[in-house]
Structures are given as C-alpha cells and as structure tokens.
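Chemist: Heads up: the sequence shown begins at 2 in our numbering, then just goes up one per residue.
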Amino acid sequence: MKTFDVYKHPTQGYQAVKQGFSWPALAFTWLWAFVKKMWGFGFAALGIMFLLGYGSVVFETQGREGGVVFMFFGQWGVHLVFGFQGNDWRR
C-alpha cells in the first residue's frame, strides 16, 4: 500500500506527495523537476547531465573508455539521487 502526505498550499490547494522512492524522478530527472515546478533542482540536474554527457563525448573522442564509463555511472548517480530524494524534495 502506498502512503501519501497531503499538504495544503494557500493559493494552489491540496497536494499529495508519496512517501518513498519516486520512479518518475528516476526516469525523467530534470524534466520531472520542471513539471513539479522545482526550478533549482531542474536546472541543476540539466546542467550536471549536460556536463557529464559532454565529458563522455570528449573522453570517447580521445579513446579513453574509462572516462566514458565514469561519466555513464555519474549520470546514473544523478538519476538514483533523484529517485531516492525526489519526493523528499517536494515536501
């Protein structure tokens, strides 16, 4: 059974936030943050993902597969942080 916390915003009404892991946040990171109007987290994730993606391209053009793997796991780390912390950030 899922457990939710319900919050009341003075102008936007009620909002239910699920407790625990957020699958949408894991899958969509920065896009999920923008949809939830969490602009700071969205821009931070977008910037980090861009830098990790750019670093991956740079390492790949230099033939350094270790760097590409490191960037890949860095991106997955961002996804995991969003999955585990996303609902807590909404509180």
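Think of the CB as a built atom: it goes at the ideal place given N, C-alpha and C, for glycine as much as any other residue.
From a predicted model like this one, the values you see are computed outputs, not experimental measurements.
Would you tell me roughly how many angstroms separate the C-alpha atoms of K38 and L53, rounded to the nearest one?
Modeler: Each residue's alpha carbon lies about 24 Å from the other.
Chemist: Suppose contacts are defined by Cβ-Cβ distances below 8 Å. Is F5 in contact with V18 by that definition?
Modeler: Cβ atoms of F5 and V18: closer than 8 Å.
Chemist: Does the distance from the C-beta atom of E61 to that of V70 stay below 8 Å?
Modeler: It is not a contact, given that the beta carbons lie outside the stated cut-off.
Chemist: With DSSP as the reference, label M5 as helix, strand or coil.
Modeler: Position check: residue 5 holds Phe in this sequence, whereas Met was assumed. Note: F5 maps to strand in three-state DSSP.
Chemist: Would you report the Cα separation of P25 and F42, rounded to the nearest angstrom?
Modeler: Taking the straight line joining both Cα atoms gives about 15 Å.
Chemist: Among the candidates Q76, S57 and W33, whose CA atom is the shortest distance from the CA of S23?
Modeler: Comparing Cα positions, the closest option is W33.
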